[in-house]
Each structure stands twice: as C-alpha cells, then as structure tokens.
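Engineer:
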Amino acid sequence: MQFKDQIDFIRQHMKRNKLRVATTILAATMGCAFLIVLASIGFGLHQTITNDVLDNNLVTEIEVAGKSGEETDLAPSEIPDGEVQKMREMDHVVAVVERTQPDADTQVAIGERSAYSRVVLSSMEEEQKSGFGLSEGKMPAAADEIVIGYHMASQLLTEAEQEKQANGEEVTGFSGSLIGQTIEVQLTPYMNEGDEKTEMSSWEFVVTGIAKEPTKDWMTDTSVYADSSWGTVFNEELGLQPGYENILVYADELQNVGGITNALKEDGYYVYSVTEELGKMNVFFNALKAGLIFVGTIAVLIASIGIFNTMTMAVTERTREIGVMKAIGAQPKLIRKLFLMESAAIGLIGTALAVAISYGISMLSNWLIPIIVMSSLGEEQPENFTLVISTIPWQLVVIASAISIGVAMVSGWRPARKATQIDIIQALRQEM
Amino acid sequence: MIKINGLQHHFKIGKKGNERHVPVLKGVTLEVGKGEIVAILGKSGSGKSTLLHILAGFMSPEAGSVMVNGQETAVLRESEQASFRLANFGFIFQNFQLMPGLSAFENVELPLKIQGMNEAERKMKVQKLLEKVGLEEVAGHYPNELSGGQQQRVSIARALITDAPIVLADEPTGSLDSETEKEILLLIKSLNKKLGLTFVIITHDEEVAAVADRQYRLHDGELVKGEQRYAV
Numbered sequence: 001m002q003f004k005d006q007i008d009f010i011r012q013h014m015k016r017n018k019l020r021v022a023t024t025i026l027a028a029t030m031g032c033a034f035l036i037v038l039a040s041i042g043f044g045l046h047q048t049i050t051n052d053v054l055d056n057n058l059v060t061e062i063e064v065a066g067k068s069g070e071e072t073d074l075a076p077s078e079i080p081d082g083e084v085q086k087m088r089e090m091d092h093v094v095a096v097v098e099r100t101q102p103d104a105d106t107q108v109a110i111g112e113r114s115a116y117s118r119v120v121l122s123s124m125e126e127e128q129k130s131g132f133g134l135s136e137g138k139m140p141a142a143a144d145e146i147v148i149g150y151h152m153a154s155q156l157l158t159e160a161e162q163e164k165q166a167n168g169e170e171v172t173g174f175s176g177s178l179i180g181q182t183i184e185v186q187l188t189p190y191m192n193e194g195d196e197k198t199e200m201s202s203w204e205f206v207v208t209g210i211a212k213e214p215t216k217d218w219m220t221d222t223s224v225y226a227d228s229s230w231g232t233v234f235n236e237e238l239g240l241q242p243g244y245e246n247i248l249v250y251a252d253e254l255q256n257v258g259g260i261t262n263a264l265k266e267d268g269y270y271v272y273s274v275t276e277e278l279g280k281m282n283v284f285f286n287a288l289k290a291g292l293i294f295v296g297t298i299a300v301l302i303a304s305i306g307i308f309n310t311m312t313m314a315v316t317e318r319t320r321e322i323g324v325m326k327a328i329g330a331q332p333k334l335i336r337k338l339f340l341m342e343s344a345a346i347g348l349i350g351t352a353l354a355v356a357i358s359y360g361i362s363m364l365s366n367w368l369i370p371i372i373v374m375s376s377l378g379e380e381q382p383e384n385f386t387l388v389i390s391t392i393p394w395q396l397v398v399i400a401s402a403i404s405i406g407v408a409m410v411s412g413w414r415p416a417r418k419a420t421q422i423d424i425i426q427a428l429r430q431e432m
Numbered sequence: 001m002i003k004i005n006g007l008q009h010h011f012k013i014g015k016k017g018n019e020r021h022v023p024v025l026k027g028v029t030l031e032v033g034k035g036e037i038v039a040i041l042g043k044s045g046s047g048k049s050t051l052l053h054i055l056a057g058f059m060s061p062e063a064g065s066v067m068v069n070g071q072e073t074a075v076l077r078e079s080e081q082a083s084f085r086l087a088n089f090g091f092i093f094q095n096f097q098l099m100p101g102l103s104a105f106e107n108v109e110l111p112l113k114i115q116g117m118n119e120a121e122r123k124m125k126v127q128k129l130l131e132k133v134g135l136e137e138v139a140g141h142y143p144n145e146l147s148g149g150q151q152q153r154v155s156i157a158r159a160l161i162t163d164a165p166i167v168l169a170d171e172p173t174g175s176l177d178s179e180t181e182k183e184i185l186l187l188i189k190s191l192n193k194k195l196g197l198t199f200v201i202i203t204h205d206e207e208v209a210a211v212a213d214r215q216y217r218l219h220d221g222e223l224v225k226g227e228q229r230y231a232v
C-alpha cells in the first residue's frame with residue numbers, strides 16, 4: 001500500500017470516530033503541554049539568572065584572587081610582576097589590569113562641592129586594552145589626568161545640598177561638564193589604634209573622561225581612575241601600607257574565558273570568572289530542568305492510557321474489517337503499521353497543538369506574572385532586569401515531541417500487535 | 001490449478017478438559033482445473049466451510065495437502081500466505097463483507113491499494129470493472145445505501161479486481177432473494193465464460209450448485225461426486 005493511501009486510510013478511520021479521537025488528542029495535548037510548560041519554567045528561570053549574571057559582570061573578565069604558594073598563599077599584590085607579565089602573554093588574553101586602592105579615606109572636591117570617592121590606581125594603557133568604557137571624553141594621556149565615575153557630577157554637593165539630601169530632598173549636584181576641570185583628590189589615612197588624628201593630603205588632577213554608566217541602576221560610580229604610578233606617591237606621602245589589589249585578566253571572547261580560567265587554575269591561581277559562576281548554576285538548573293521534564297513525562301504517560309484505550313477499542317470495533325483485509329491479502333505488517341501510524345498521528349497532532357498552546361501560555365505568563373508580582377509588591381520592575389518566567393527553546397520542543405510521540409507509539413504497539421493476531425475466520429463470523 | 005489431496009481435519013467440542021474430537025474432513029481429495037466451476041454442497045456443519053478456509057489458507061489442515069498453481073500452501077508463512085491470496089484468490093462471502101466506511105468504488109479499489117498500485121491506474125481499472133458488473137451508477141454509494149444484490153456485485157467486483165485466477169465463493173447467494181440469486185449466478189457464469197476464471201462455490205443450495213460444471217457433496221467428512229449439470 002502506498003504511503004498516501006495509508007494516510008487516507010487512517011484519516012478515514014479517525015473521521016469515523018471523531019469524538020473519541022478528539023478527546024484522545026485532547027488528553028495527549030494536555031499531557032504534552034503540561035510537560036513543555038512545566039519544563040519551560042526551569043528554562044525561563046535559568047535564562048533570568050544567566051542574564052542577570054552576565055549583566056552584572058563583564059563577561060570576558062577573570063578575577064585573580066591570589067595564588068597557592070609553597071607555604072602560604074599569595075595575595076594578588078604579592079604575585080610577582082614577571083608572573084603577571086606571563087598572564088599577558090597567554091593566548092586570547094588582551095589585557096591584564098592590576099587595580100590598587102590606597103588604604104585611605106577619599107574625598108574629591110571642586111570649588112565648594114565635594115563627594116565621597118575611592119581611588120582606583122591602574123595602568124591606563126592596560127585599562128584601554130581591556131575595553132574600559134567611557135561615556136564621555138578620552139583616556140588619560142599624562143600622569144595628572146584622570147577618569148571619574150559616571151555619577152561623580154551628581155554626587156558633588158555643596159554643604160547646603162548635603163544637608164538637603166540628608167533631609168530627603170532632591171539635589172542635582174554639579175551642573176555642566178567636568179571634562180577639562182581640575183579636581184582635588186583628598187586622601188586621609190584610616191586611623192589605627194593609638195592614632196589621635198590623621199593628616200589629610202590632597203592632589204590636583206585634570207578630568208579627561210567619564211566612565212560608562214554601570215549596568216545596574218542601583219550602582220553608583222563615584223570612583224577616580226588614576227595612573228598606577230600614583231600608588232608609590234600616595235603611600236610615601238601618607239605612610240600607607242600597600243592597599244588592596246586585584247588582578248583582572250581580560251579574554252578576547254567569552255568562549256575563551258573557560259580555557260584561560262582553567263589554564264590559570266592549573267598554574268595555581270585562585271580565579272573567578274563568569275564561566276565559573278555559570279558552570280555551577282548550569283549544573284543546578286540542568287538538574288532542575290531534567291526533574292521538571294521527568295514530572296511532565298508522568299502527565300504524558302497518563303495521557304498515553306487514553307491512547308491505549310482508544311486504539312484497543314479501535315481494534316475491537318474493526319475486528320471484522322481487519323479480518324476482511326487479511327483475507328483479501330493484506331500483510332500482517334501492513335495492519336500493524338496502519339494502527340501504529342494512527343496512534344502516532346494522535347500523538348503528532350496532540351504534540352503540535354501542545355507546542356502551539358505552550359508558546360501561548362509561555363508568552364502570556366511572561367507578560368502577566370511580572371505585572372502581578374510587581375503590583376503585589378507595590379514596586380516597578382527595575383530597569384535592565386527582565387523577569388523571564390518561561391522560555392521554550394527548540395531543544396525543549398524536540399525533547400517533548402520525542403517523548404510524546406514515542407509514548408503514543410508505544411501505547412499503540414500492543415493494540416497494533418493484537419490487530420495482526422486477529423483470526424480471519426473468527427473475524428469474518430462477526431456481525432456487521 | 002487446484003489439487004487437494006487426503007485432507008483431514010477435526011474440531012474439538014465441549015468444555016476444556018472434557019473435549020470431544022469431531023472429524024470434519026476425512027481425507028478429502030479434489031482436483032479443479034482452470035476455468036472450471038466446482039460446487040461443494042453440504043449441510044450446515046458438514047465441513048464445507050472448513051474445506052474452503054483450508055483452501056484459502058485461513059487455517060492449516062491436520063493432514064493432507066493443498067496445491068494451488070503448483071504451490072503447496074500449507075508451507076507458506078503468514079505473510080507469504082497473504083501475498084499468495086492477493087495474487088491467486090478472489091473471495092465472495094455470504095454476507096458480502098464490505099467495508100461500511102468505504103463507498104462501492106473504494107471497496108472494489110481496496111485490494112489494488114493493498115497491492116500498491118498507483119492511483120490513476122487503479123481508478124481506471126475499478127471504473128471499467130464497475131461498468132462490467134453494472135454498478136457504475138452506484139459507485140459513490142456506501143454499502144448501507146445498496147441493495148443486497150448490489151452489495152454482492154460489489155463483493156464480486158472486489159474479488160475480480162486483482163485479476164486473480166481463482167474465485168472462492170462461500171454461500172454467494174445466501175443473503176439474497178431468489179430473483180437476485182439468479183442475477184448473481186448468471187453473472188458468475190458469464191464471468192467464468194468471458195474471463196476463464198475458476199470458481200469454487202460452497203453452498204447448501206442445489207440451485208446454486210446447478211451453475212457448476214461439477215458438483216461434489218460433503219457427507220460425513222467425505223467428498224462424494226454428484227452429477228454434472230450445465231443448466232442454470
């Protein structure tokens with residue numbers, strides 16, 4: 001029998017039992033849709049958390065937090081320059097930035113305005129290679145030039161404005177551009193035990209650029225980015241101990257972050273990168289998704305009972321017809337194939353409907369649930385944050401379809417086998 | 001064409017563990033030549049249907065052999081039996097055994113679909129045959145919209161559509177009135193003459209058997225040759 005004729009044959013039989021077939025398809029649809037929607041929550045949450053991690057981090061950045069030593073571990077500031085240079089020479093490394101913060105209280109001032117700040121000392125050349133982002137201006141070219149944080153202007157307040165701000169009133173801060181302006185950076189060493197007073201020292205710098213706005217709206221950047229050569233000056237002038245240092249290694253592409261991270265680990269460095277965080281998260285979310293798919297499969301199995309019943313009844317009802325077909329020369333394997341195709345068709349139609357419905361439910365829940373959650377909390381959804389409740393990647397569609405159609409065919413297997421075993425003589429004796 | 005030799009078969013009757021073996025065929029031997037009509041007469045329960053079922057390959061004999069066109073049918077596997085039936089036999093049943101969900105045209109077309117013939121070729125073939133058996137006007141009708149005679153004509157057309165050389169007819173007029181019975185018997189006779197088909201007819205009706213070139217009677221599991229008649 002040609003394939004087209006087999007399809008016609010099945011279609012005719014399904015049309016004759018419209019209601020029963022429709023309810024079975026409905027059960028298959030519900031089972032498969034439940035599986036997809038349930039698993040899509042796992043995929044959705046995974047995406048939300050991954051997006052959040054990627055938004056909060058420079059994805060190509062690898063932080064070196066120290067190195068295991070023979071006797072004691074080395075802090076980043078204790079890692080010899082030669083080894084940092086070796087990191088720069090690694091494949092796919094575009095820059096290695098050593099950032100130091102002086103161990104002192106920092107304020108910046110321009111005229112009557114001042115703001116709390118922190119000084120970040122680094123090689124501006126390496127920062128530029130690492131892709132340090134500016135919203136305005138250019139990177140420093142001379143030692144007395146600096147880049148300031150995006151929010152510096154708004155935080156430079158007069159004493160009157162500081163009082164207003166303390167009273168909860170809104171203040172605008174410095175108006176106009178800070179590019180080209182000279183600002184004073186005041187450092188006061190932290191008081192140690194026994195100190196009665198510490199002396200403040202100040203230096204003047206020219207602002208050449210303003211850093212890019214932080215990715216999160218709750219982050220405030222009032223830093224001063226100055227050349228690393230100032231570290232020695234500050235320490236000697238103020239008698240400071242070397243401040244906190246961190247080393248950041250930048251890869252050329254996200255896909256190389258994992259390789260560089262592993263290479264550094266093998267060399268004994270303590271490293272942290274976004275791939276580390278994502279790796280741990282992926283293990284958790286993959287287990288969660290597998291669990292949800294397993295639970296969803298139970299619904300598909302329940303639906304398969306309906307398919308089994310429908311096909312068993314179809315075989316019983318059509319015993320005489322099957323007998324006639326066998327009598328006039330139909331092969332048993334053709335009979336089996338026709339019934340298997342019918343159960344597969346039920347599974348296929350149910351799956352197609354389930355995929356369409358699941359996409360609808362997914363879109364609806366992504367639109368509606370954040371609104372409900374935020375309104376119940378009385379807050380607006382933060383900028384740069386999208387709460388994804390459910391997402392249906394093509395892989396989920398493939399997995400769910402394979403499970404649903406596979407289970408449908410397995411359900412139809414026994415009735416199909418029963419059909420091939422029908423005795424022609426008994427079947428022909430049945431009344432119409 | 002058909003050689004039946006020493007066919008034996010028995011049925012078990014009674015409750016399990018207390019069954020009785022009743023022989024229905026006790027060494028039946030028969031030869032049917034090409035283009036012959038042979039009628040097997042017998043009372044109900046005489047074993048004539050069992051003989052037909054064994055001949056068709058629906059069941060296997062306990063002893064003896066059936067050769068059709070030189071092929072020993074009992075040695076064929078189930079799938080080979082099906083192919084053999086499709087190529088060699090057409091069937092006419094007492095209660096027509098038409099598919100209720102298929103039109104007259106589709107019922108006749110079914111064996112060709114099973115054969116895997118392409119649509120254009122089989123449509124043409126079915127159309128021609130329906131004209132030959134006088135059913136062209138009711139081709140689109142479903143079995144429940146046809147009279148008994150028309151249904152049996154559809155059944156005959158279905159038996160002939162594959163050009164199988166042998167037609168096995170089990171009580172072909174058993175569900176028909178006497179007028180329609182005559183029509184169907186005339187049709188069988190004319191198809192036999194025009195197409196040279198071989199018919200094996202199982203019946204309990206002497207008048208139906210009268211269409212045959214040779215008649216046999218199954219009595220106590222044995223085949224007894226009856227007189228040769230040609231008139232209908």
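Top to bottom, those sequences are chains A and B.
Under the numbering used here, think of the first position of the first sequence as 1, with each following residue one higher.
Under the numbering used here, think of the first position of the second sequence as 1, with each following residue one higher.
Think of the CB as a built atom: it goes at the ideal place given N, C-alpha and C, for glycine as much as any other residue.
For A:TYR269, which option in A:LYS4, A:GLN421, A:LEU396 and A:ASP73 has the closest C-alpha, if you only look at C-alpha atoms?
Structural biologist: Comparing Cα positions, the closest option is A:ASP73.
Engineer: Give the straight-line distance between the Cα atoms of A:PHE284 and A:SER358, rounded to the nearest whole angstrom.
Structural biologist: Distance between the alpha carbons of A:PHE284 and A:SER358: 24 Å.
Engineer: Please say whether B:ALA39 and B:PHE89 have beta carbons closer to each other than 8 Å?
Structural biologist: Going by C-beta atoms, B:PHE89 is not nearer than 8 Å to B:ALA39.
Engineer: Am I right that B:GLY196 and B:GLY35 are in contact with their C-beta atoms under 8 Å? What's the rounded C-beta distance?
Structural biologist: B:GLY196 to B:GLY35, Cβ: 4 Å. Contact.
Engineer: With DSSP as the reference, label B:ILE65 as helix, strand or coil.
Structural biologist: According to the sequence shown, residue 65 of chain B is Ser rather than Ile. DSSP places B:SER65 in strand when its eight states are reduced to three.
Engineer: Thinking A:ALA104 and A:THR215 are a contact (beta carbons under 8 Å), I'd like their distance in whole angstroms, please.
Structural biologist: That belief does not hold up - the Cβ atoms of A:ALA104 and A:THR215 are roughly 28 Å apart, past 8 Å.
Engineer: Would the beta-carbon of A:GLY137 fall within 8 Å of that of A:ILE183?
Structural biologist: No, these two residues do not count as a Cβ contact at 8 Å.
Engineer: Any C-beta of chain B within less than 8 Å: which residues of the segment 329-363 of chain A qualify?
Structural biologist: If the cut-off is 8 Å between Cβ atoms, the segment 329-363 of chain A has GLY329, ALA330, GLN331, PRO332, LYS333 and LEU334 near chain B.
Engineer: What does a CB cutoff of less than 8 Å around B:GLU252 pick up in its chain, not counting 5 residues either side in sequence?
Structural biologist: With chain B covering 1 to 232 only, the question about residue 252 of chain B has no answer from this structure.
Engineer: Could one say the Cβ of B:ARG85 lies closer than 8 Å to chain A's Cβ atoms, at least one of them?
Structural biologist: Cβ-Cβ to chain A under 8 Å: yes for B:ARG85.
Engineer: Answer yes or no: the CB of A:LYS212 versus the heavy atoms of the ligand SAM, is any distance below 7 Å?
Structural biologist: Looking for the ligand SAM in the displayed structure turns up nothing, as the structure carries no ligands at all.
Engineer: Indicate the three-state DSSP secondary structure (helix, strand or coil) for A:GLY378 in the structure shown.
Structural biologist: Looking at A:GLY378 - three-state DSSP - the assignment turns out to be coil, as it is neither helix nor strand.
Engineer: What are the uninterrupted segments assigned as beta strand (DSSP E) that are 3 or more residues long and contained completely in the segment 68-100 of chain A, given in chain order?
Structural biologist: Listed in chain order, there is nothing to give.
Engineer: Leaving aside the five residues before and after A:THR24 along the sequence, list all residues of the same chain whose C-beta is less than 6 Å from its C-beta, in chain order.
Structural biologist: So the list reads GLY306, ILE307, THR310 and ILE346, once near-sequence residues are dropped.
Engineer: Provide the residue(s) that pair with A:SER223 in DSSP beta bridges, ordered along the chain.
Structural biologist: A:ARG118.
Engineer: So for A:PHE132, helix, strand or coil by DSSP?
Structural biologist: Three-state DSSP puts A:PHE132 in coil, outside helix and strand.
Engineer: Just to check my reading of the structure: B:GLU181 and B:ILE202 have Cβ atoms closer than 8 Å, yes? What is that Cβ distance to the nearest angstrom?
Structural biologist: Not really, about 15 Å apart at Cβ, beyond 8 Å.
Engineer: With A:VAL458 as the anchor, note down where its beta strand (DSSP E) starts and where it stops.
Structural biologist: This structure cannot settle anything about residue 458 of chain A, because the visible part of chain A is limited to 1 through 432.
Engineer: If I measure Cβ to Cβ from B:MET67 and keep anything under 6 Å in the same chain, skipping five residues before and after, which residues do I get?
Structural biologist: The residues are LYS3.
Engineer: Output, in chain order, the set of chain D residues within a Cβ distance shorter than 7 Å of A:GLU321.
Structural biologist: Within the model displayed, chain D is absent; protein chains A and B are what it includes.
Engineer: Would you mind stating whether A:SER401 and A:THR319 have Cβ atoms separated by less than 8 Å?
Structural biologist: No, they are not a contact pair.
Engineer: Would you kindly work out how many angstroms separate the C-alpha atoms of B:LYS12 and A:CYS32, rounded to a whole number?
Structural biologist: Each residue's Cα considered, the two are about 50 Å apart.
Engineer: For B:TYR216, is the classification buried or exposed, using 16 other Cβ atoms within 10 angstroms of its Cβ as the cut-off for buried?
Structural biologist: Label assigned to B:TYR216: buried.
Engineer: Since A:THR222 contacts A:GLN155 with CB under 8 Å, what's their CB separation in whole angstroms?
Structural biologist: That pair is a contact at about 5 Å.
Engineer: Look at A:ALA95 and A:ILE146 and say whether their C-beta atoms are less than 8 Å apart.
Structural biologist: In this structure, A:ILE146 does not lie closer than 8 Å to A:ALA95 by Cβ.
Engineer: From the DSSP output, read off the bridge partner residues of A:ASP105.
Structural biologist: The partner list for A:ASP105 (beta bridge, DSSP) reads A:THR188.
Engineer: Starting from B:GLU222, trace the beta strand (DSSP E) both ways and give me its first and last residue.
Structural biologist: Run containing B:GLU222: 222-225, per the beta strand (DSSP E) assignment.
Engineer: Can you tell which of A:ASN51, A:GLN2 and A:PHE34 has the C-alpha that lies nearest to the C-alpha of A:LEU387?
Structural biologist: Among A:ASN51, A:GLN2 and A:PHE34, the Cα nearest to that of A:LEU387 is on A:ASN51.
Engineer: Beta carbon of B:LEU76, beta carbon of B:GLY57: below 8 Å?
Structural biologist: Against a cut-off of 8 Å, the Cβ pair of B:GLY57 and B:LEU76 comes out as a contact.
Engineer: I need the DSSP call for A:ALA427, collapsed to helix, strand or coil.
Structural biologist: Looking at A:ALA427 - three-state DSSP - the assignment turns out to be helix.
Engineer: Return helix, strand or coil for B:GLY101, following the three-state DSSP convention.
Structural biologist: Three-state DSSP puts B:GLY101 in coil, outside helix and strand.
Engineer: Quick one: grab the DSSP three-state call for B:VAL236.
Structural biologist: No answer is possible for residue 236 of chain B: it lies beyond the span of chain B, which begins at 1 and ends at 232.
Engineer: By Cβ distance below 7 Å, which residues in the same chain neighbour A:ALA427 in space, the five residues on each side in sequence not counted?
Structural biologist: Excluding positions up to five away in sequence, the list reads THR319, ARG320, ILE322 and GLY323.
Engineer: Find the residues of chain A that neighbour B:PRO111, judging by a C-beta separation of less than 7 Å, and give them in chain order.
Structural biologist: Ordered by position in chain A, the residues that pass the 7 Å Cβ test against B:PRO111 are ILE328 and GLY329.
Engineer: Spell out whether any CB of chain A is found under 8 Å from the CB atom of B:MET67.
Structural biologist: Chain A, which has no Cβ nearer than 8 Å to the Cβ of B:MET67, makes this no.
Engineer: Closer than 6 Å by C-beta to A:ALA109: which residues in its own chain qualify, once you throw out the five before and the five after it? Chain order, please.
Structural biologist: Hits under 6 Å: GLU184.
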